[in-house]
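Encoded as structure tokens, the structure appears first; notes follow it.
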Amino acid sequence: MLGVTFLVFALLHIMPGDPARAMLGPEASQETVEALREELGLNRPFLVQYGSWLWRVVQLDLGRSVHGSHDPVTEIIARHWPATLELTVVAMFFATLFGAITGIVSAVRANHLVDHVARTVTFLFLAMPGFWLALEMVIIFSHHLGWLPATRRGEPVGSVEWIRHMVMPGFVLGTGTWAFLSRILRSSMLEVLGADYIRTARAKGLPERRVVFKHALKNALIPFVTIAGMSLGALLGGAVITETVFSYPGIGREMIGAILARDAPVVQGIVLLLAGVFVLTNLAVDLLYMVLDPRIRVGGAAG
Numbered sequence: 022m023l024g025v026t027f028l029v030f031a032l033l034h035i036m037p038g039d040p041a042r043a044m045l046g047p048e049a050s051q052e053t054v055e056a057l058r059e060e061l062g063l064n065r066p067f068l069v070q071y072g073s074w075l076w077r078v079v080q081l082d083l084g085r086s087v088h089g090s091h092d093p094v095t096e097i098i099a100r101h102w103p104a105t106l107e108l109t110v111v112a113m114f115f116a117t118l119f120g121a122i123t124g125i126v127s128a129v130r131a132n133h134l135v136d137h138v139a140r141t142v143t144f145l146f147l148a149m150p151g152f153w154l155a156l157e158m159v160i161i162f163s164h165h166l167g168w169l170p171a172t173r174r175g176e177p178v179g180s181v182e183w184i185r186h187m188v189m190p191g192f193v194l195g196t197g198t199w200a201f202l203s204r205i206l207r208s209s210m211l212e213v214l215g216a217d218y219i220r221t222a223r224a225k226g227l228p229e230r231r232v233v234f235k236h237a238l239k240n241a242l243i244p245f246v247t248i249a250g251m252s253l254g255a256l257l258g259g260a261v262i263t264e265t266v267f268s269y270p271g272i273g274r275e276m277i278g279a280i281l282a283r284d285a286p287v288v289q290g291i292v293l294l295l296a297g298v299f300v301l302t303n304l305a306v307d308l309l310y311m312v313l314d315p316r317i318r319v320g321g322a323a324g
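Okay, here's the thing in structure tokens:
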């Protein structure tokens with residue numbers, strides 16, 4: 022997280038433009054601009070500015086936006102974060118559900134027609150640019166067919182209209198992850214299905230469904246859970262493009278606007294949040310390993 026914040030702070034520092042001039046507008050005198058630069062500490066050395074910002078972050082002060090009403094960054098994040106979290110959860114639901122189904126079916130029916138079809142579809146979605154898919158879905162399902170709305174308008178969570186508004190952005194955001202998860206689970210399942218204990222279970226006459234779901238799937242889930250956990254953090258950052266295309270009022274779209282306006286405090290605050298979520302998600306995945314495979318917990322204790 023520290024490395025990410027330093028990199029973003031440095032990139033914003035070398036970007037062209039003057040935050041003080043942006044705050045005061047083009048009509049402000051140079052003396053007024055210089056006074057504001059001194060007040061904001063923009064005339065101090067780069068490392069001093071970065072250290073000062075970190076000290077404020079420790080005190081949970083992310084600063085204020087340099088544009089508009091100059092709202093605190095924490096309030097801006099609080100307004101837009103829930104919408105992005107909703108979109109990410111929906112996308113993750115699509116990705117894990119479809120990824121698990123296609124991965125299991127492809128592994129169980131390896132090298133059959135259904136496997137070839139599933140792998141072709143997942144390969145296409147894996148290679149398809151998200152922004153192009155989003156635009157095509159808007160043109161087809163919203164403009165021509167009129168089945169789904171193209172933008173979100175603040176519908177209550179869980180309502181029918183909310184579901185209709187979330188289908189397209191959630192599906193678009195989750196397609197790449199779905200394809201990747203499907204390929205990972207198929208590969209892992211094929212490896213497990215070829216193990217000796219699976220052949221022994223089948224030789225004992227256990228039903229194929231029990232062999233697949235009780236014995237094979239649980240042991241094949243660790244790579245799947247690893248990628249799913251890492252993808253959750255990636256989806257939060259990847260929501261930027263999806264939110265922009267669908268005019269979705271999330272934190273990604275807010276960050277795009279802040280970057281274009283060179284609103285450094287907002288960009289730094291949002292990046293810090295996304296980096297923190299990514300780190301915590303990976304920690305949760307590591308802890309989940311011990312639930313899926315008790316050998317990891319026993320091995321750690323023995324070590």
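Note that our numbering has the sequence shown beginning at 22, numbered continuously upward. Where a beta carbon is used, it is the ideal one built from N, C-alpha and C, also for glycine. These figures come from a predicted structure and were not determined experimentally.
Check, Outcome
"Do T117 and A249 have their beta-carbon atoms positioned less than 8 Å apart in this structure?", "yes"
"Apart from the five residues just before and just after A279, which ones in its own chain have a Cβ nearer than 6 Å to its Cβ?", "V287 and V288"
"In chain order, which alpha helix (DSSP H) runs of at least 4 residues are fully inside the region 170-219?", "181-214"
"Check each candidate in R274, S127 and V213 and name the one with the smallest Cα separation from L202.", "S127"
"Got a sec? Which residues, its chain only, sit under 7 Å from R204 by beta carbon, not counting five neighbours each side?", "T143"
"How many Å lie between I277 and V261 at the Cα?", "7 Å"
"Could you give the C-beta distance for T172 and S268, rounded to a whole number, given that I count them as a contact under 8 Å?", "4 Å"
"For G226, count the other beta carbons within 10 Å of its own beta carbon; 16 or more makes it buried, fewer makes it exposed. Which is it?", "exposed"
"Take every Cβ of the region 178-198, pair it with every Cβ of the region 97-112, and state whether three or more of those distances are shorter than 8 Å.", "yes"
"Looking at the secondary structure, which residues open and close the alpha helix (DSSP H) in which D136 lies?", "L134 to A148"
"Can you check whether the CB of G84 is closer than 8 Å to the CB of V69?", "no"
"Please identify the residue among V233, E52, E264 and L304 whose C-alpha is closest to the C-alpha of A104.", "E264"
"Checking 8 Å against the spacing of the C-beta atoms, do T123 and A139 come in under that value?", "yes"
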